[in-house]
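Residue numbers (the working numbering), protein chains in the order written: chain A, 1 to 419; chain B, 1001 to 1180.
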């Protein structure tokens, strides 16, 4: 057995002997080094972690009154009647949960585009990108399953349309080898979304997906540990040398700062600004996260005239919609998978901001503008031919951008000024 | 431990845990299967004797709307943008029940699943979502729908229609290639 010195119970020494709290603190925060050369965009990760925490807490309160019962609009009433008008401050948790779900995607997109812009997905950082994309996918599943729970018209019909995607290609392709109507019924546990469907999506939303998210967050942090976070110039920093300078008191010469307390103080400031926006939306503009169509209870005999997903799925929806069923499915699957491959499609060894990388800089801004265009077009009804055409062009542009990426990065010149 | 013993122990352990994992996977799959009660509720009997000519009746089967339309002798669509202006009364897709002809289809547009409305004076279905049109026999008159309205499995029993069961008339439609 290990040797224990006498110490006051629960004092620092006592705790350290039993739980190595000082080592933990040192390894995880006070000697976890962050470059000095960063900006507010580097705070998005902690903002995401904090928003996820808020979603968990508000979700716990909603869970106490929510009833996953598809009959007689019971689930619908438990949200729109019980939680909204009977439970004290029930509206508060619901608006936090709805606004938080929307903002978490806004921040995820900013976080992703920051990574793309600064090249923070290569030269040792590939796993950061991959685990991050894993989080994006699981967050998408979490958002979709949560959207089913109020069991309104949009929940029901979104559930119908999205599960229908798993039917695969139409039966005339390859003699029906890629057509799986029974898989769709199995997924729903019914011929249409019903009690079995609501029950299993409830389970996914409140237990399985959050568990997977928590696991992936730990992995995401873990992948960051050895390569460290990138910096504004993509500079390769000798972290050990710089850390030694900091610890020796030569803080001006060091290129790094410790996570706690220095980086965290910057983080907390950005978080403060973010939470002003967050709670402004929660209290004054929660309606942007509450689709009016979903305030009608689910009705299998009546389709809403225009079905569209929440804003954060619109870009991929618009890659599905302009094409015929089979072609649309192929491009939809392409769009979901291709972002994952970014570290391997970018053939240039340069880790530098996009604006110093020639063609890649143009590629980056085109991708951003194109995804915003897709998002706007995805919201509009498909009946207007002009907008439908713009959507189609934007979808083809998205696909083309990813096809040309390996070629434009292969001919990219090495970026000078590497320190 | 010798290599051989290590190998046998490892392989044995792997085989047993693998077997267990397969069992659990199968159990998990079966838990997601459709419940017997849901399957049993998948049959609906409808008496069509009270139906009136050219008046659409909507019933529900397996949670989906079912259109039942007793056709008039002249059910020619008022217009047909894709040129398919045949009299719907002569369509082979119709079911003959007690001497009258009926359209029996799932009332979901084959494009994206919206529910079309029936316009009796024009003898056609129109979908409000994306502008698709169907004749009174469910044939496409105007895209985007890629295929006719879907005929559900049925069995004719006098003036009654049992949905969910495959009767000889349904099997004949399948054999004739009218139902996929």
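Ideal Cβ placement from N, Cα and C applies to all residues, glycine included.
This structure is a prediction, so every number in the text was calculated from the model and none was measured.
field: chain A residues whose Cβ lies nearer than 9 Å to that of residue 1009 of chain B
entry: Here residue 1009 of chain B refers to the residue found at position 9 of the second chain. Neighbours of residue 1009 of chain B on chain A: none; closest Cβ ~30 Å, over 9 Å.
message: Check this for me: beta carbons of residue 1181 of chain B and residue 1124 of chain B, under 8 Å apart or not?
response: Here chain B comprises residues numbered 1001 to 1180, so residue 1181 of chain B is not present and cannot be evaluated.
Length at least 4, wholly inside the stretch 1095-1180 of chain B: the alpha helix (DSSP H) runs in chain order: If we require 4 residues or more, the alpha helix (DSSP H) runs fully inside the stretch 1095-1180 of chain B come out as 1168-1175.
field: Contact between the stretch 65-75 of chain A and the stretch 149-160 of chain A (3+ Cβ pairs under 8 Å)
entry: Result yes; three or more Cβ-Cβ pairs closer than 8 Å.
- request: Evaluate residue 363 of chain A with the Cβ neighbour count: other Cβ atoms within 10 Å of its Cβ, from every protein chain shown; 16 or more gives buried, anything less gives exposed.
  value: For the purposes of this step, residue 363 of chain A is identified with residue 363 of the first chain, where counting begins at 1. By the beta-carbon neighbour count (other beta carbons within 10 angstroms, threshold 16), residue 363 of chain A is buried.
query: If residue 58 of chain A and residue 100 of chain A are in contact, beta carbons under 8 Å, what's the gap, nearest whole angstrom?
result: By one-based count along the first chain, residue 58 of chain A stands at place 58. By one-based count along the first chain, residue 100 of chain A stands at place 100. Correct: roughly 7 Å between the Cβ atoms.
- prompt: With 16 as the cutoff for other CB atoms within 10 Å, does residue 244 of chain A come out buried or exposed?
  reply: Within the first chain, numbered from 1, the residue matching residue 244 of chain A stands at position 244. It is exposed - the Cβ of residue 244 of chain A has fewer than 16 other Cβ atoms within 10 Å.
query: Of all the CB atoms in chain B, is at least one closer than 8 Å to the CB of residue 39 of chain A?
result: As a first step, residue 39 of chain A must be located in the first chain, where it is residue number 39. It does not: the Cβ of residue 39 of chain A has no partner Cβ on chain B nearer than 8 Å.
message: Rounding to the nearest angstrom, what Cα-Cα distance links residue 379 of chain A and residue 372 of chain A in this structure?
response: Along the first chain, read from residue 1 onward, the residue named residue 379 of chain A stands at position 379. Along the first chain, read from residue 1 onward, the residue named residue 372 of chain A stands at position 372. Straight through space, the alpha carbons of residue 372 of chain A and residue 379 of chain A are spaced by roughly 11 Å.
- prompt: Say the cut is 7 Å; is the CB of residue 1155 of chain B nearer than that to a heavy atom of the ligand ADP?
  reply: Among the components of this structure there are no ligands whatsoever, and the ligand ADP is therefore not found.
message: So residue 1064 of chain B contacts chain A; which residues on that side make the cut at Cβ distance below 9 Å?
response: Locating residue 1064 of chain B in the second chain gives position 64, counting from the first residue. Neighbours of residue 1064 of chain B on chain A, chain order: 191, 192, 300 and 301.
message: Suppose contacts are defined by Cβ-Cβ distances below 8 Å. Is residue 1044 of chain B in contact with residue 1163 of chain B by that definition?
response: Along the second chain, one-based indexing puts residue 1044 of chain B at 44. Along the second chain, one-based indexing puts residue 1163 of chain B at 163. Cβ atoms of residue 1044 of chain B and residue 1163 of chain B: closer than 8 Å.
field: Neighbour list for residue 1042 of chain B in chain A, Cβ cutoff strictly below 8 Å
entry: Working through the second chain from its first residue, we reach residue 1042 of chain B at position 42. Ordered by position in chain A, the residues that pass the 8 Å Cβ test against residue 1042 of chain B are 191.
- request: Go to residue 238 of chain A, then tell me how far its alpha helix (DSSP H) extends in each direction, as first and last residue.
  value: In the first chain, the residue the question calls residue 238 of chain A occupies position 238. It is not in any alpha helix (DSSP H) - residue 238 of chain A carries neither H nor E in the DSSP assignment.
- request: Say whether chain B places a C-beta atom closer than 8 Å to the C-beta of residue 297 of chain A.
  value: For the purposes of this step, residue 297 of chain A is taken as residue 297 along the first chain, with counting starting at 1. It does not: the Cβ of residue 297 of chain A has no partner Cβ on chain B nearer than 8 Å.
task: Closer than 6 Å by C-beta to residue 391 of chain A: which residues in its own chain qualify, once you throw out the five before and the five after it? Chain order, please.
output: Along the first chain, one-based indexing puts residue 391 of chain A at 391. Taken in chain order, the residues that qualify are 318, 322 and 377.
query: Are residue 107 of chain A and residue 271 of chain A touching if we call contact CB-CB under 8 Å?
result: Residue 107 of chain A sits at position 107 when you count from the first residue of the first chain. Residue 271 of chain A sits at position 271 when you count from the first residue of the first chain. Judged by beta-carbon spacing, residue 271 of chain A lies beyond the 8 Å limit of residue 107 of chain A, meaning their Cβ atoms are not closer than that value.
- prompt: Name the residues in the stretch 1145-1157 of chain B whose C-beta lies less than 9 Å from a C-beta of chain C; which are they?
  reply: Considering every chain present, this structure includes no chain C. Its protein chains are A and B.
task: Using 10 angstroms around the beta-carbon of residue 182 of chain A, count the other beta-carbons present and answer buried if the total reaches 16, otherwise exposed.
output: What you label residue 182 of chain A is simply residue 182 of the first chain in a count that begins at 1. So residue 182 of chain A counts as exposed.
query: Looking only at C-alpha atoms, which of B/1114, B/1112 and B/1118 sits nearest to residue 1103 of chain B?
result: Sequence index remark: in the second chain, residue 1103 of chain B carries index 103 (1-based). Residue B/1118 is the option with its Cα nearest to residue 1103 of chain B.
field: Segments assigned beta strand (DSSP E), at least 3 residues, entirely inside the stretch 242-320 of chain A
entry: Correct list: 256-258.
- prompt: So what does residue 1057 of chain B bridge to, in DSSP terms?
  reply: Here the question's residue 1057 of chain B lines up with position 57 in the second chain. By DSSP's assignment, residue 1057 of chain B forms a beta bridge with B/1068.
task: Report yes or no: do three or more beta-carbon pairs, one from the stretch 396-412 of chain A and one from the stretch 1014-1031 of chain B, lie closer than 8 Å?
output: Taking 8 Å as the limit for Cβ pairs, the verdict is that the stretch 1014-1031 of chain B does not touch the stretch 396-412 of chain A.
message: Using beta carbons (cut-off 8 Å, strictly below), is residue 419 of chain A in contact with chain B?
response: What you label residue 419 of chain A is simply residue 419 of the first chain in a count that begins at 1. Only weak support is given to the placement of residue 419 of chain A: the predicted model assigns it a pLDDT of 40, under 50, and the question is left unresolved by the model.
Beta carbon of residue 14 of chain A nearer than 8 Å to that of residue 7 of chain A: Residue 14 of chain A sits at position 14 when you count from the first residue of the first chain. Residue 7 of chain A sits at position 7 when you count from the first residue of the first chain. Yes, Cβ-Cβ distance for residue 14 of chain A and residue 7 of chain A is below 8 Å.
- prompt: Candidates A/320, A/26 and A/325: which alpha carbon is nearest residue 332 of chain A's?
  reply: By one-based count along the first chain, residue 332 of chain A stands at place 332. Taking only the C-alpha atoms, the option nearest residue 332 of chain A is A/320.
Where the alpha helix (DSSP H) through residue 408 of chain A begins and ends: Counting from one through the first chain, the residue named residue 408 of chain A turns up at place 408. Taken as a continuous stretch (DSSP letters only), the alpha helix (DSSP H) holding residue 408 of chain A covers 385-410.
task: Kindly list the residues whose CB is nearer than 6 Å to the CB of residue 274 of chain A, restricted to its own chain and excluding five residues on each side of it in sequence; keep chain order.
output: In the first chain, the residue the question calls residue 274 of chain A occupies position 274. If the five residues before and after residue 274 of chain A are omitted, its C-beta is found closer than 6 Å to the C-beta atoms of 47, all from its own chain and listed in chain order.
- prompt: What residues from chain B crowd round residue 331 of chain A, counting only those whose CB sits closer than 9 Å?
  reply: Along the first chain, one-based indexing puts residue 331 of chain A at 331. Within chain B, no residue comes near residue 331 of chain A; the closest Cβ sits about 17 Å away, beyond 9 Å.
Candidates B/1004, B/1005 and B/1064: closest to residue 190 of chain A by CA position: Walking along the first chain from the start, residue 190 of chain A turns up at place 190. Nearest to residue 190 of chain A by alpha-carbon distance, out of B/1004, B/1005 and B/1064, is B/1064.
- request: Give the straight-line distance between the Cα atoms of residue 51 of chain A and residue 104 of chain A, rounded to the nearest whole angstrom.
  value: To locate residue 51 of chain A, count along the first chain from 1; it is residue 51. To locate residue 104 of chain A, count along the first chain from 1; it is residue 104. Their Cα atoms are separated by approximately 6 Å.
field: Run of the beta strand (DSSP E) containing residue 35 of chain A, from where it starts to where it stops
entry: Here residue 35 of chain A is taken as the residue at index 35 of the first chain, counted from 1. That run of the beta strand (DSSP E) goes 33-35.
query: From residue 290 of chain A to residue 234 of chain A, what does the alpha carbon distance come to, in whole angstroms?
result: Taking the first chain and counting its residues from 1, one reaches residue 290 of chain A at position 290. Taking the first chain and counting its residues from 1, one reaches residue 234 of chain A at position 234. Looking at the two C-alpha atoms, the distance is approximately 40 Å.
message: Can you confirm whether residue 231 of chain A, when its beta carbon is compared against all beta carbons of chain B, has any partner nearer than 8 Å?
response: To locate residue 231 of chain A, count along the first chain from 1; it is residue 231. No, residue 231 of chain A lies away from the interface with chain B (no Cβ there is under 8 Å from its Cβ).
- request: Assuming residue 180 of chain A contacts residue 201 of chain A (C-beta within less than 8 Å), just tell me the rounded distance between them.
  value: Sequence index remark: in the first chain, residue 180 of chain A carries index 180 (1-based). Sequence index remark: in the first chain, residue 201 of chain A carries index 201 (1-based). With a Cβ gap of about 19 Å, residue 180 of chain A and residue 201 of chain A do not count as contacting.
task: Just the C-alpha distance for residue 188 of chain A and residue 1082 of chain B, rounded to the nearest angstrom, thanks.
output: What you label residue 188 of chain A is simply residue 188 of the first chain in a count that begins at 1. What you label residue 1082 of chain B is simply residue 82 of the second chain in a count that begins at 1. One alpha carbon belongs to residue 188 of chain A, the other to residue 1082 of chain B, and they sit about 36 Å apart.
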